[in-house]
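Mapping the sequence shown onto the UniProt record's numbering, position 28 (from 1) lands on 28, and the numbers just tick up by one. We put the beta carbon where it would ideally sit given N, CA and C, even for glycine. Read through the structure below, which is laid out as structure tokens, and then see the notes.
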Amino acid sequence: MSQEARYDTRFSSPADVEEFVSVLERFERGEISSEDFRTFRLKRGVYGQRQMEVNMLRVKFPGGIMSAAQLRTAAGVAREYTQYHKGHITTRQNIQFHFVKLADMPAVMGRFDVTGATTREACGNTVRNVTGCPYAGISATEAYDITPYMHALVRMCLREEWANNLPRKFKMAFEGCTHEDHAQTAINDVGFRAKIKDGVRGFEVFVAGGLSTSPRPAYRLHDFIPADEMLARTEAIIRVFDKHGNRKNRARARLKYVMKALGEDGFVAAYEEEVAKLVAAGTLQRPVELPPEETAPAWNDRALAGPRAADDDPQYKEWLRTVDPQKQAGFAAVTIKLDRGDIAADQFDQLADLAETFTDGTLRAGNRQNLIVRWVRTEYLPHLFSALQQIGLADLGSNTIHDVVSCPGADSCNLAVTHSMSLAKHLTRFLKSPGKSADSVELARSADIKISGCPNSCGQHHVAAIGFHGTVRHVGDGKQVPEYQLHLGGGFDADGVQFGRHIVKIPARRAGEALLRLLDLYRDEREDGEDARAFFRRVAKEDVVEALGDALLDSQFTNLRDDDIFDLGQERTFDVAIGRGECAA
Numbered sequence: 001m002s003q004e005a006r007y008d009t010r011f012s013s014p015a016d017v018e019e020f021v022s023v024l025e026r027f028e029r030g031e032i033s034s035e036d037f038r039t040f041r042l043k044r045g046v047y048g049q050r051q052m053e054v055n056m057l058r059v060k061f062p063g064g065i066m067s068a069a070q071l072r073t074a075a076g077v078a079r080e081y082t083q084y085h086k087g088h089i090t091t092r093q094n095i096q097f098h099f100v101k102l103a104d105m106p107a108v109m110g111r112f113d114v115t116g117a118t119t120r121e122a123c124g125n126t127v128r129n130v131t132g133c134p135y136a137g138i139s140a141t142e143a144y145d146i147t148p149y150m151h152a153l154v155r156m157c158l159r160e161e162w163a164n165n166l167p168r169k170f171k172m173a174f175e176g177c178t179h180e181d182h183a184q185t186a187i188n189d190v191g192f193r194a195k196i197k198d199g200v201r202g203f204e205v206f207v208a209g210g211l212s213t214s215p216r217p218a219y220r221l222h223d224f225i226p227a228d229e230m231l232a233r234t235e236a237i238i239r240v241f242d243k244h245g246n247r248k249n250r251a252r253a254r255l256k257y258v259m260k261a262l263g264e265d266g267f268v269a270a271y272e273e274e275v276a277k278l279v280a281a282g283t284l285q286r287p288v289e290l291p292p293e294e295t296a297p298a299w300n301d302r303a304l305a306g307p308r309a310a311d312d313d314p315q316y317k318e319w320l321r322t323v324d325p326q327k328q329a330g331f332a333a334v335t336i337k338l339d340r341g342d343i344a345a346d347q348f349d350q351l352a353d354l355a356e357t358f359t360d361g362t363l364r365a366g367n368r369q370n371l372i373v374r375w376v377r378t379e380y381l382p383h384l385f386s387a388l389q390q391i392g393l394a395d396l397g398s399n400t401i402h403d404v405v406s407c408p409g410a411d412s413c414n415l416a417v418t419h420s421m422s423l424a425k426h427l428t429r430f431l432k433s434p435g436k437s438a439d440s441v442e443l444a445r446s447a448d449i450k451i452s453g454c455p456n457s458c459g460q461h462h463v464a465a466i467g468f469h470g471t472v473r474h475v476g477d478g479k480q481v482p483e484y485q486l487h488l489g490g491g492f493d494a495d496g497v498q499f500g501r502h503i504v505k506i507p508a509r510r511a512g513e514a515l516l517r518l519l520d521l522y523r524d525e526r527e528d529g530e531d532a533r534a535f536f537r538r539v540a541k542e543d544v545v546e547a548l549g550d551a552l553l554d555s556q557f558t559n560l561r562d563d564d565i566f567d568l569g570q571e572r573t574f575d576v577a578i579g580r581g582e583c584a585a
């Protein structure tokens with residue numbers, strides 16, 4: 001049974017498209033100010049880019065669930081309406097389309113509306129896309145499938161004024177697994193982790209987590225609440241944010257700042273006050289209707305009709321290392337590694353065919369900018385690998401150090417300092433150098449790299465074993481050097497989250513050689529059995545600086561190189577240009 005059959009995955013409304021057309025026409029006639037239209041379009045998923053004549057459109061997929069029809073729509077949109085004929089998977093399980101003309105937005109929205117996907121509240125001061133573990137329903141360690149609860153929460157908040165006229169954006173996530181926090185609940189405004197207590201389904205609840213320039217781990221608000229109270233208690237948290245959030249200073253407007261201002265006891269008191277109102281109204285209990293039990297998709301002879309990888313094919317054997325067995329015997333989940341989250345128009349079409357041939361007609365996005373194919377019969381795997389090779393999506397190393405995460409950076413974002421996508425490409429090339437430390441399986445599986453083009457952490461650099469965020473250094477004579485602040489030792493663990501330590505700044509053009517020296521340092525200095533994340537968390541800053549050596553720019557700039565004043569992928573000398581940001585997370 002497909003996900004679409006089990007769940008109502010339609011979140012669209014034709015009225016959204018009609019409203020956008022009407023308001024756009026009024027704006028073009030001068031009846032609405034630019035600022036009012038900006039607020040309106042952001043709530044409809046339309047962001048400005050640093051290129052003034054085009055925009056970015058974000059499409060929401062709760063839990064990252066995408067149907068074949070939606071993938072084909074994405075193909076058409078990428079092909080017909082974007083400059084580079086591609087889409088981009090984000091760390092919050094959305095698809096973004098960059099370089100889209102404002103006049104084309106209604107047509108694009110209309111196409112997705114037909115498939116059940118929406119752009120409503122994908123941006124702006126709203127409840128953003130609610131994310132969920134991509135292994136929900138198939139993980140051997142999960143308490144239960146969190147998907148229906150996630151969808152119920154989406155529906156409660158979608159298009160509701162009380163939930164979407166907030167001081168700032170509001171992010172929520174659901175996790176069902178006990179072995180890993182795939183949904184990153186510890187860095188969300190509200191995070192739910194599924195638990196069963198005395199036979200009753202429920203959630204451990206975390207609040208006020210976040211990244212950006214002042215990362216904060218989420219606070220455990222409840223060790224356990226019954227699942228029937230999840231919706232009402234979430235409403236109470238949102239109302240606390242609406243009431244106490246800072247509407248004057250956007251830089252101090254997230255829920256974590258409410259927690260800081262009120263203190264933990266004050267925050268809990270404000271929350272309990274809102275809960276008491278719901279109890280008095282008799283609306284604390286809101287049961288979620290559960291779908292039929294998930295069943296395996298029917299056998300499909302087409303899956304065995306195409307080419308098949310040989311069992312002893314070295315690439316196929318390496319690819320199998322990143323295939324995850326499901327709790328349902330005979331089935332597996334396969335991660336499709338994307339290059340920096342990008343998918344070409346033709347690949348969207350090909351992925352739709354693949355989803356209908358090898359699985360239940362759906363794919364799920366993960367927060368590492370990849371796609372997960374679930375319910376693949378194990379006998380299909382060699383055929384699936386060959387099919388992925390044919391469409392250029394069989395790259396090895398998903399969920400390893402080779403799987404580099406990056407925000408769009410200065411290619412399109414007004415806030416970005418550096419071209420983070422180019423750094424991701426640059427580091428990937430260095431990691432693939434033969435005979436380098438990155439070839440170590442032990443290292444590859446215990447480290448990750450995340451990159452942001454500015455300190456705001458859209459690329460989640462704070463929670464990577466090796467993180468980079470873009471910055472700049474002025475070296476005299478009007479010259480500027482694009483640099484990256486190095487963060488080490490971040491990531492998620494049984495205690496929640498550890499944020500990486502600020503170590504040193506590295507010129508952008510030297511980042512590749514610096515990375516290899518970091519990996520050599522791990523190889524040479526790690527303790528027996530110590531994984532990369534633990535090593536980078538404990539290694540002394542002085543030892544890192546010494547190991548990096550002349551990959552760093554000295555304080556007097558005596559070792560400034562001719563190419564240091566060029567950002568990666570750019571031919572013009574670097575000149576930082578930051579505009580009014582609209583937050584590309």
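Task: Option nearest G496 by Cα separation, candidates D520, E525, V463 and P507 - done: Counting from one through the sequence shown, the residue named residue 496 turns up at place 496. Closest option to G496, Cα to Cα, is V463.
- [ ] Within the same chain, show all residues whose beta-carbon is closer than 8 Å to that of R26, passing over the 5 residues directly before and after it, in chain order.
- [x] Against the sequence shown, residue 26 aligns to sequence position 26. Closer than 8 Å at Cβ, skipping near neighbours: I32.
TODO: Along the alpha helix (DSSP H) that carries P14, what are the first and last residues, could you check?
DONE: Looking up residue 14 in the sequence shown gives position 14. Segment P14 to E28, the alpha helix (DSSP H) holding P14.
TODO: Taking all protein chains shown into account, decide if E229 is buried (16 or more other Cβ within 10 angstroms of its Cβ) or exposed.
DONE: Here residue 229 refers to the residue found at position 229 when the sequence shown is read from its first residue. The residue is buried, with at least 16 neighbouring Cβ atoms inside 10 Å.
Task: Assigned exposure category for G397 - 16 Cβ within 10 Å defines buried - done: Position 397 of the sequence shown, counted from the start, is the residue given in the question as residue 397. Buried is the call here.
Open item on the list: Within the continuous alpha helix (DSSP H) that includes D337, where are the two ends?
Closed with: What you label residue 337 is simply residue 337 of the sequence shown in a count that begins at 1. Note that residue 337 is Lys in the sequence shown, not Asp. Run containing K337: none; DSSP gives neither H nor E here.
Open item on the list: As a quick exercise: from R220, L515 and R523, pick the residue whose alpha carbon is nearest that of R429.
Closed with: Mapped onto the sequence shown, residue 429 falls at position 429. Measuring from the Cα of R429, the nearest candidate turns out to be L515.
TODO: Evaluate contact between the region 276-283 and the region 224-244, counting only Cβ atoms and requiring at least three cross-stretch pairs below 8 Å.
DONE: Yes: at least three Cβ pairs fall under 8 Å.
- [ ] Please state whether DSSP places Q369 in a helix, a strand or coil.
- [x] On the sequence shown, residue 369 is found 369 positions in, with the first residue counted as 1. If DSSP states are grouped into helix, strand and coil, Q369 belongs with coil.
TODO: Taking the CB atoms as reference points, tell me whether L443 and A534 lie closer together than 8 Å.
DONE: Position 443 of the sequence shown, counted from the start, is the residue given in the question as residue 443. Position 534 of the sequence shown, counted from the start, is the residue given in the question as residue 534. Against a cut-off of 8 Å, the Cβ pair of A534 and L443 comes out as no contact.
TODO: Identify whether G330 lies in helix, strand or coil by the three-state DSSP scheme.
DONE: Here the question's residue 330 lines up with position 330 in the sequence shown. It is coil, neither helix nor strand.
Task: E356, buried or exposed, once every other Cβ within 10 Å from all chains shown has been counted against 16 - done: The count along the sequence shown starts at 1 and reaches residue 356 at position 356. Answer is buried; the Cβ neighbour count reaches 16.
- [ ] May I ask you to report which of helix, strand or coil DSSP gives V154?
- [x] In the sequence shown, the residue the question calls residue 154 occupies position 154. Of the three classes helix, strand and coil, the one that applies to V154 here is helix, per DSSP.
Task: Those runs of the alpha helix (DSSP H) which lie wholly inside the region 48-115 and span at least 4 residues - done: 68-81 and 105-115
Task: T471, enclosing alpha helix (DSSP H) - first and last residue - done: As a working mapping, residue 471 is identified with position 471 in the sequence shown. Counting along the chain, no alpha helix (DSSP H) covers T471; the unbroken beta strand (DSSP E) around it starts and ends at I466 to G476.
Task: Cβ separation of L431 and I466, assumed to be a contact under 8 Å, to the nearest whole Å - done: Counting from 1 along the sequence shown, the entry for residue 431 is found at position 431. Counting from 1 along the sequence shown, the entry for residue 466 is found at position 466. Incorrect: roughly 11 Å between the Cβ atoms, too far for contact.
- [ ] Report the residue from E175, P507 and G210 whose alpha carbon sits nearest the alpha carbon of R473.
- [x] Residue 473 sits at position 473 when you count from the first residue of the sequence shown. It is P507.
Task: Reference Q369; option with closest CA among R523, D448 and G470 - done: Within the sequence shown, numbered from 1, the residue matching residue 369 stands at position 369. Looking at the Cα atoms, D448 is the closest of the given residues.
TODO: Determine the direct distance from the alpha carbon of P455 to that of N125, and round the result to whole angstroms.
DONE: The count along the sequence shown starts at 1 and reaches residue 125 at position 125. The count along the sequence shown starts at 1 and reaches residue 455 at position 455. Going by the C-alpha atoms only, they are around 20 Å apart.
Task: Neighbourhood of G500 by C-beta, 6 Å cutoff - its chain only, sequence neighbours within 5 removed - done: Here residue 500 is taken as the residue at index 500 of the sequence shown, counted from 1. Excluding sequence neighbours, G500 sits near H462, G467, H487, L488, G489 and G490.
Open item on the list: Tell me the DSSP secondary structure of G191 in three-state form.
Closed with: If you number the sequence shown from 1, residue 191 lands on position 191. Looking at G191 - three-state DSSP - the assignment turns out to be strand.
Task: Touch test, the region 144-159 against the region 67-80, Cβ-Cβ under 8 Å, three pairs minimum - done: At 8 Å Cβ cutoff, the stretches do not touch.
TODO: Go ahead and pull the three-state DSSP assignment for I506.
DONE: If you number the sequence shown from 1, residue 506 lands on position 506. Three-state DSSP puts I506 in a strand.
Open item on the list: Taking the beta strand (DSSP E) that K43 belongs to, which residues open and close that run?
Closed with: Position 43 of the sequence shown, counting from 1, holds the residue named residue 43. Not the beta strand (DSSP E): K43 falls in the alpha helix (DSSP H), residues S34 to K43.
TODO: Determine the direct distance from the alpha carbon of A547 to that of I225, and round the result to whole angstroms.
DONE: For the purposes of this step, residue 225 is identified with residue 225 of the sequence shown, where counting begins at 1. For the purposes of this step, residue 547 is identified with residue 547 of the sequence shown, where counting begins at 1. Rounded to the nearest angstrom, the two C-alpha atoms are 49 Å apart.
Task: Continuous alpha helix (DSSP H) stretch holding D242: start and end - done: On the sequence shown, position 242 is the one that residue 242 refers to. That run of the alpha helix (DSSP H) goes M230 to H244.
Task: Meets three-Cβ-pair contact criterion under 8 Å: the region 157-168 and the region 190-203 - done: no
TODO: Could you have a look at G120 and say whether DSSP puts it in helix, strand or coil?
DONE: In the sequence shown, counting from the first residue as 1, residue 120 sits at position 120. Note on residue identity: the sequence assigns Arg, not Gly, to residue 120. R120: coil per DSSP, three-state reduction.
Task: C-alpha gap between R572 and F566, whole angstroms - done: Taking the sequence shown and counting its residues from 1, one reaches residue 572 at position 572. Taking the sequence shown and counting its residues from 1, one reaches residue 566 at position 566. About 6 Å.
Open item on the list: By the three-class DSSP mapping on this structure, what secondary structure does W375 have?
Closed with: Here residue 375 is taken as the residue at index 375 of the sequence shown, counted from 1. DSSP places W375 in strand when its eight states are reduced to three.
Task: For E571, the first and last residue of its enclosing beta strand (DSSP E) - done: Taking the sequence shown and counting its residues from 1, one reaches residue 571 at position 571. Neither: E571 is in no beta strand (DSSP E) and is coded neither H nor E.
Open item on the list: Given this structure, state the Cα-to-Cα distance separating V23 from G110, to the nearest angstrom.
Closed with: Working through the sequence shown from its first residue, we reach residue 23 at position 23. Working through the sequence shown from its first residue, we reach residue 110 at position 110. Note on geometry: alpha-carbon atoms of V23 and G110 lie some 15 Å from one another.
TODO: Going by DSSP, name the residue or residues bridged to E204.
DONE: In the sequence shown, the residue the question calls residue 204 occupies position 204. DSSP lists R193 as partners of E204.
Open item on the list: Given this structure, state the Cα-to-Cα distance separating K183 from T91, to the nearest angstrom.
Closed with: On the sequence shown, residue 183 is found 183 positions in, with the first residue counted as 1. On the sequence shown, residue 91 is found 91 positions in, with the first residue counted as 1. In the sequence on display, residue 183 carries Ala and not Lys. Roughly 10 Å separates the two Cα atoms.
Open item on the list: For D349, tell me which candidate among G529, S34 and G87 has the shortest Cα-Cα distance.
Closed with: One-based indexing of the sequence shown puts residue 349 at position 349. Measuring from the Cα of D349, the nearest candidate turns out to be G87.
- [ ] Assign H179 to one of three DSSP states: helix, strand, or coil.
- [x] The residue you call residue 179 lines up with position 179 of the sequence shown. Coil at H179, not helix or strand.
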